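*Asks:* As they're listed, the protein sequences go chains A and B.
Residue 298 in the numbering used here sits at position 258 of the first sequence, and the numbers go up by one each step.
Residue 4 in the numbering used here sits at position 3 of the second sequence, and the numbers go up by one each step.
Just so you know, even glycine gets a beta-carbon here, dropped at the ideal spot from N, CA and C.
Model, not experiment: these values are computed from the prediction.
The structure that follows is given in the form of structure tokens.
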Amino acid sequence: MNYETVIGLEVHLQLKTKSKAFCGCSTEFGQEPNTQVCPVCLGFPGSLPVFNQTALDYAIKVALALNCKIQEYTKFDRKNYFYPDLPKNYQISQYDLPLSLAGYLDIELEERQKRIGITRVHMEEDAGKLIHQENFSLVDFNRTGIPLLEIVSEPDISSPEEAHEYLTTLKSVIQYLDVSDCDMEKGSLRCDANISLRPVGAKTLGVKTELKNMNSFKGVKDALAYEIQRQAGLLDSKKTLIQETRLWDAKAAQTLPMRTKEGAKDYRYFPEPDLAPFIIKEDKIAEIKKTIPELPKEKIKRFVKDFGLSEYDAKVLVALKETAQFSEECLKEYRDSNKKPVANWIIGPLAALASNNACEITDLKISAASLVELIELVEKKQVISNLTGKIVLEEMLKTGKGAQKIIEEKNLAQISDSGSLNVIIAEIIKENPKSVADYKTGKANALMFLVGQVMRKSSGKANPKAVQDLLKEKLESV
Amino acid sequence: MSIDKKTVENVAHLARINLDKKELDKISGQLEHILSFIDKLSSLNTDNIAPTSHILPISNVLRKDELRKSLPIAKTLMNAPAKQGNFFVVPKIIE
Numbered sequence: 041m042n043y044e045t046v047i048g049l050e051v052h053l054q055l056k057t058k059s060k061a062f063c064g065c066s067t068e069f070g071q072e073p074n075t076q077v078c079p080v081c082l083g084f085p086g087s088l089p090v091f092n093q094t095a096l097d098y099a100i101k102v103a104l105a106l107n108c109k110i111q112e113y114t115k116f117d118r119k120n121y122f123y124p125d126l127p128k129n130y131q132i133s134q135y136d137l138p139l140s141l142a143g144y145l146d147i148e149l150e151e152r153q154k155r156i157g158i159t160r161v162h163m164e165e166d167a168g169k170l171i172h173q174e175n176f177s178l179v180d181f182n183r184t185g186i187p188l189l190e191i192v193s194e195p196d197i198s199s200p201e202e203a204h205e206y207l208t209t210l211k212s213v214i215q216y217l218d219v220s221d222c223d224m225e226k227g228s229l230r231c232d233a234n235i236s237l238r239p240v241g242a243k244t245l246g247v248k249t250e251l252k253n254m255n256s257f258k259g260v261k262d263a264l265a266y267e268i269q270r271q272a273g274l275l276d277s278k279k280t281l282i283q284e285t286r287l288w289d290a291k292a293a294q295t296l297p298m299r300t301k302e303g304a305k306d307y308r309y310f311p312e313p314d315l316a317p318f319i320i321k322e323d324k325i326a327e328i329k330k331t332i333p334e335l336p337k338e339k340i341k342r343f344v345k346d347f348g349l350s351e352y353d354a355k356v357l358v359a360l361k362e363t364a365q366f367s368e369e370c371l372k373e374y375r376d377s378n379k380k381p382v383a384n385w386i387i388g389p390l391a392a393l394a395s396n397n398a399c400e401i402t403d404l405k406i407s408a409a410s411l412v413e414l415i416e417l418v419e420k421k422q423v424i425s426n427l428t429g430k431i432v433l434e435e436m437l438k439t440g441k442g443a444q445k446i447i448e449e450k451n452l453a454q455i456s457d458s459g460s461l462n463v464i465i466a467e468i469i470k471e472n473p474k475s476v477a478d479y480k481t482g483k484a485n486a487l488m489f490l491v492g493q494v495m496r497k498s499s500g501k502a503n504p505k506a507v508q509d510l511l512k513e514k515l516e517s518v
Numbered sequence: 002m003s004i005d006k007k008t009v010e011n012v013a014h015l016a017r018i019n020l021d022k023k024e025l026d027k028i029s030g031q032l033e034h035i036l037s038f039i040d041k042l043s044s045l046n047t048d049n050i051a052p053t054s055h056i057l058p059i060s061n062v063l064r065k066d067e068l069r070k071s072l073p074i075a076k077t078l079m080n081a082p083a084k085q086g087n088f089f090v091v092p093k094i095i096e
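Here it is in structure tokens:
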């Protein structure tokens, strides 16, 4: 049978405040275990939590960027459960009056845009970290109490690819807001997925599985793809699916059921008596709105309109906030109405160079002005060929020198003047009578071969376009 | 509203409280009494009254995002029943 897939994603995001949500302990990653804890985050009797102003501001900022409606009255609740990563035996979270509701995020699919609903964005605290040993577990509470946002999507996602695009777009927006590291490896961004299948056209939802333990966007995509196969197989053979939580095992590339006890989870939520509610007024919302920068979607539109770039190029340049800024400087600086070469150089050679150095483009010590100088020397002034340009770029990174200087010092400038080129061409024609004869009988390949020979003799410095024109001219008169 | 023993047992389990048979009887009776009192409140019309989520008339209690000293490790682990290095040690529970 043909099924359609229904996916909803739940993203947990650590906010990068200096101190924790309810106490003054540091949120810094990777410190010695249990050195960033205090009576509040350890849940000692008599301690009182006080919420972090910056965490609230960041939360509102994210909710607004995701087009959510901020609720005027919001409060924290206690979510009660027993697990050793939770020193208080409850997590401070939000239940019936969350910070914000009913937003959306537009994602770009191959040929269309799709709007994914956001059910809610609410605030909560992170739990500690357990390190399981053979017969016992070690607990590190440094992470306990770090402010978290839970971003819940509507079940509007219809494929693993859409889920991947949703996460990529979400991450890009959050990075623009500068409120989280969004680093899945460090756990500052985590994602769980709900997935079910139903016969195409069916109105009711099928039995869903909750997937956990994916630690990369690719992991989310792979786990969902696996789960579609598994569920379809069961449905096809008329077996019943059970609602359960399954863990993604990346090494084995499969999902496995998580052992759970009988009975639905009962968290016995109740209002957190230690924290007073929050009333968020319009003027506060307006104030935070002002701090939201131009987001990727708008920036892509502007890059297409102002610089005449393709949607694709604009999207690649804009994905990272820092790269977008750098690209915009280059695009503005480049003195030609056709800006395509700038995009090509950043997406191509520069990105490759960054990737080889395992860093971002903006971490390379190459300024916008010096990159533009190089691009102009290649594309406009044609002082050097594209290939030489790439060598010069590497040299720029190594030495910190400008493109013009490197070309002069290394004598890399292209030979375009017909005088010098004709000398070489004459020699090549003399040395390759067979190819010359081939060309005469109409074999086009022969010309390219001869151009190649000239390039070689000039140590790659001949201007290939000029060589081709001059060669043709000369061959006519042979 | 009446409450059956099964519900009481479940609530006790959720709170990780062990009740023997005698305690279960006693607590069930007490809970029944409390719940019937709550039932009395339900007879009032509260349609236009917002639920109380906090008993004090205060809101927006916030602090600046500033660091304060954490506990020294010796103090943090002082009352831990079991420890290893900087860690608390707990029974292994895999959910």
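For W385 of chain A, which residues from the same chain have a beta carbon less than 6 Å from its beta carbon, with the 5 sequence-adjacent residues on both sides left out?
*Replies:* I415
*Asks:* Just curious, the beta strand (DSSP E) that K119 of chain A is in, first and last residue?
*Replies:* Looking at the DSSP string, the run of the beta strand (DSSP E) that includes K119 of chain A is 117 to 120.
*Asks:* If I measure Cβ to Cβ from K226 of chain A and keep anything under 6 Å in the same chain, skipping five residues before and after, which residues do I get?
*Replies:* F69
*Asks:* What's the call for F62 of chain A, buried or exposed, on a 16-neighbour Cβ count within 10 Å?
*Replies:* Buried, since its Cβ has 16 or more Cβ neighbours within 10 Å.
*Asks:* In terms of DSSP beta bridges, what is G48 of chain A paired with?
*Replies:* Under DSSP, G48 of chain A shares a beta bridge with A:N234.
*Asks:* If you compare alpha carbons, which of A:E369, A:I424, A:E434, A:D376 is closest to N396 of chain A?
*Replies:* A:E434
*Asks:* Using a Cβ cut-off of 8 Å (strictly closer), state whether K329 of chain A contacts chain B.
*Replies:* no
*Asks:* Sort A:N234, A:Y309, A:K243 by Cα distance to T285 of chain A and report the nearest one.
*Replies:* A:N234
*Asks:* Report, in whole angstroms, the separation of the C-beta atoms of L229 of chain A and S220 of chain A, which I expect to be a contact under 8 Å.
*Replies:* 7 Å
*Asks:* Just checking, does the region 453 to 467 of chain A make contact with the region 495 to 507 of chain A on the three C-beta pairs under 8 Å criterion?
*Replies:* yes
*Asks:* Report the neighbours of E67 of chain B on chain A: residues whose CB is nearer than 8 Å to its CB, in chain order.
*Replies:* K58, S59, G64
*Asks:* Measuring only the C-alpha atoms, how far is V90 of chain A from I110 of chain A?
*Replies:* About 21 Å.
*Asks:* Smallest Cα separation from L360 of chain A: which of A:I340, A:Q269, A:G348?
*Replies:* It is A:I340 whose Cα lies nearest to the Cα of L360 of chain A.
*Asks:* Could you name the residues of chain A that N87 of chain B contacts, counting a contact when the two beta carbons are closer than 8 Å?
*Replies:* Near N87 of chain B (Cβ distances below 8 Å), the residues of chain A are E72, P73, N74, T75, D180.
*Asks:* Which residues in the same chain as E302 of chain A place their Cβ atom closer than 8 Å to its Cβ, once the five residues preceding and following it in sequence are excluded?
*Replies:* Unreliable positioning characterises E302 of chain A in this predicted model, as indicated by a pLDDT of 46, which lies under 50. The coordinate reading is nonetheless provided below. So no residue of the chain qualifies.
*Asks:* Ignore the nearest five residues each way along the sequence and tell me which others in A105 of chain A's own chain have a CB closer than 7 Å to its CB.
*Replies:* V213, L217, I332, L335
*Asks:* Is the region 273 to 282 of chain A close to the region 51 to 60 of chain A, with three or more CB pairs under 8 Å?
*Replies:* No, because fewer than three Cβ pairs between the region 273 to 282 of chain A and the region 51 to 60 of chain A fall closer than 8 Å, the two stretches do not touch.
*Asks:* Write down every uninterrupted run of the alpha helix (DSSP H) in the region 269 to 338 of chain A whose length is 4 residues or greater and which is fully enclosed by it, in chain order.
*Replies:* 322 to 329
*Asks:* Please confirm whether F318 of chain A has its beta-carbon closer than 8 Å to some beta-carbon of chain B.
*Replies:* yes
*Asks:* Indicate whether at least one CB of chain A lies closer than 8 Å to the CB of V9 of chain B.
*Replies:* For V9 of chain B, the answer is no, since every Cβ of chain A falls outside 8 Å of its Cβ.
*Asks:* Taking the Cβ atom as the reference point for each residue, do I469 of chain A and K514 of chain A lie within a distance shorter than 8 Å?
*Replies:* yes
*Asks:* Helix, strand or coil for I132 of chain A per DSSP?
*Replies:* DSSP, read as helix, strand or coil, puts I132 of chain A in strand.
*Asks:* Using a Cβ cut-off of 8 Å, pull out every chain A residue sitting near S54 of chain B, in sequence order please.
*Replies:* K115, L137, P311, P317
*Asks:* Can you tell me the Cβ-Cβ gap for I126 of chain A and A203 of chain A, rounded? I've got them flagged as a contact below 8 Å.
*Replies:* The sequence shown places Leu at residue 126 of chain A, rather than the Ile named in the question. With a Cβ gap of about 29 Å, L126 of chain A and A203 of chain A do not count as contacting.
*Asks:* Considering only their Cβ atoms, is the gap separating A408 of chain A from E373 of chain A smaller than 8 Å?
*Replies:* yes
*Asks:* Excluding sequence positions up to five away, which residues of its chain have a Cβ less than 7 Å from the Cβ of S29 of chain B?
*Replies:* I4, K6, V9
*Asks:* Output the distance between the C-alpha atoms of A443 of chain A and T428 of chain A, rounded to the nearest integer angstrom.
*Replies:* 11 Å
*Asks:* Starting from Q93 of chain A, find everything on chain B with Cβ-Cβ shorter than 7 Å and list it in chain order.
*Replies:* L63, R64, K65, D66
*Asks:* Determine, using beta carbons only, whether H52 of chain A comes closer than 8 Å to chain B.
*Replies:* Not a single C-beta of chain B is nearer than 8 Å to the C-beta of H52 of chain A.
*Asks:* Taking K445 of chain A as the reference, which of A:N426, A:E471, A:L417, A:S460 has the closest Cα?
*Replies:* A:L417
*Asks:* I'd like to check one pair, Y309 of chain A with D117 of chain A: are the Cβ atoms closer than 8 Å?
*Replies:* Yes, the Cβ-Cβ distance between D117 of chain A and Y309 of chain A is below 8 Å.
*Asks:* Would you call the CB atoms of A354 of chain A and F343 of chain A closer than 8 Å?
*Replies:* Going by beta carbons, A354 of chain A and F343 of chain A fall inside the 8 Å limit.
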